[in-house]
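Take a look at the structure set out below.
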Amino acid sequence: QVQLVESGGGSVQTGGSLRLSCAASRSIFSINLMGWYRQAPGKEREYVASISSRGTTTYSDPVKGRFTISRDNAKNTMSLQMNSLKPEDTAVYYCNVKYGSDLRYNHWGQGTQVTVSS
């Protein structure tokens, strides 16, 4: 079991930046996959970015080139640097981890609100 706590959300204007952090309650060294998802009002939760235990990163097309995901195994944290923010990035952002054989274990944070105004 692992608890996840997101922080760093807030309100910014178009073109601004925010850095989200996700703190895990235990070592993330063995966690296979860490990622960020987001959910805008009236929409389904969608994938944003992920990073493997080896540091391999992937991004959804809407955020590619603007967002950067990273993890710090020593601090048990994951971050999402968000630059050139757009109003369509407005959503609740959730931290997610998957681990174990076949990634059977799947945990979510409580979410943090990001609001981008035009």
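According to our numbering, the sequence shown is numbered sequentially starting from 348.
Where a beta carbon is used, it is the ideal one built from N, C-alpha and C, also for glycine.
Just so you know, these numbers come straight off a predicted model, no measurement behind them.
How is residue i classed by DSSP in three states: helix, strand or coil?
i             : result
leucine 380   : strand
serine 431    : coil
aspartate 408 : coil
serine 426    : strand
serine 448    : helix
Pick out whichever of the options has its Cα sitting closest to the Cα of residue i.
i                 : options                           : result
serine 400        : Ser374, Gln348, Gln460 and Val439 : Ser374
asparagine 430    : Ser358, Thr462, Ser377 and Arg366 : Arg366
phenylalanine 414 : Ala438, Tyr406 and Thr361         : Tyr406
tyrosine 384      : Asp436, Ser465, Asn423 and Thr361 : Asp436
If residue i and residue j are in contact, beta carbons under 8 angstroms, what's the gap, nearest whole angstrom?
i              : j            : result
alanine 371    : glycine 382  : In fact, because the Cβ distance is near 13 angstroms, the residues do not count as touching under 8 angstroms.
tryptophan 455 : tyrosine 440 : Incorrect: roughly 11 angstroms between the Cβ atoms, too far for contact.
Taking the DSSP output, what are the residues bridged to residue i?
i           : result
alanine 396 : Trp383 and Tyr406
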